[in-house]
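Worksheet for the structure shown next.
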Amino acid sequence: MEHLYLKWLDYRTNKKYLIGALFRDKEKGKYYFKMSRPHVEKAIQEKVISRAMLPFYDLDKIYESDELFAIFSVRLPTIEKFSKEELKELLEDLEMDVYDEFEYLKKTKGMLETDKYIVEEEK
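Letter by letter, the sequence shown follows residues 594 to 716 of this note's numbering.
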């Protein structure tokens, strides 16, 4: 099973706070997400992030889905709108043979201008 870590980047200190882990079971076609209670509680205690900013409410639940969770899917391009040439260029730039949501997140870190979440491989 593959996994990526969702982290919050404190813009004041550039310190990264682990929020949770995204898992993909390719064989079953399932995604799972688990919050990291101790890390999230520390970030809340240090007033780096509030509970309202968290992607999921329950810190102990393992979330399961057939589709990529919204916190991650908003970080993906709408490739259906790409021309064949644009898609080919994107894949070449990211050194990918075929488009894969999980691999795209891994390579781009899923960064947006609207929040400070990032997606990374290592802890």
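Virtual Cβ for every residue (Gly too), placed ideally from N, Cα, C.
Can D603 and V633 be called in contact, C-beta distance under 8 Å? For the purposes of this step, residue 603 is taken as the residue at position 10 of the sequence shown. For the purposes of this step, residue 633 is taken as the residue at position 40 of the sequence shown. Not a contact, by the Cβ cut-off of 8 Å.
Verify whether the separation of the beta carbon atoms of R644 and I637 is less than 8 Å. Locating residue 644 in the sequence shown gives position 51, where the first residue counts as 1. Locating residue 637 in the sequence shown gives position 44, where the first residue counts as 1. Against a cut-off of 8 Å, the Cβ pair of I637 and R644 comes out as a contact.
Rounded separation between L599 and K677 - CA only: Counting from one through the sequence shown, the residue named residue 599 turns up at place 6. Counting from one through the sequence shown, the residue named residue 677 turns up at place 84. Their Cα atoms are separated by approximately 31 Å.
For a test of the three-state rule: what should DSSP assign to R617, helix, strand or coil? The residue labelled residue 617 in the question sits at position 24 within the sequence shown. The answer is strand: DSSP assigns R617 an E or B state.
In whole angstroms, give me the CA-to-CA distance for E620 and K635. The residue you call residue 620 lines up with position 27 of the sequence shown. The residue you call residue 635 lines up with position 42 of the sequence shown. Cα-Cα distance, rounded: 35 Å.
So, helix, strand or coil for Y604, using DSSP? In the sequence shown, counting from the first residue as 1, residue 604 sits at position 11. Coil at Y604, not helix or strand.
Measuring CB to CB, does F675 end up less than 8 Å from L615? As a position in the sequence shown, residue 675 is number 82, starting the count at 1. As a position in the sequence shown, residue 615 is number 22, starting the count at 1. Cβ distance not < 8 Å, so F675 and L615 don't count as in contact.
As assigned by DSSP and simplified to three states, the class of F649: To locate residue 649, count along the sequence shown from 1; it is residue 56. Residue state, collapsed to three classes: coil.
Ignore the nearest five residues each way along the sequence and tell me which others in E694's own chain have a CB closer than 6 Å to its CB. Within the sequence shown, the letter at position 101 stands for residue 694. Answer for E694: L661, L669, listed in chain order.
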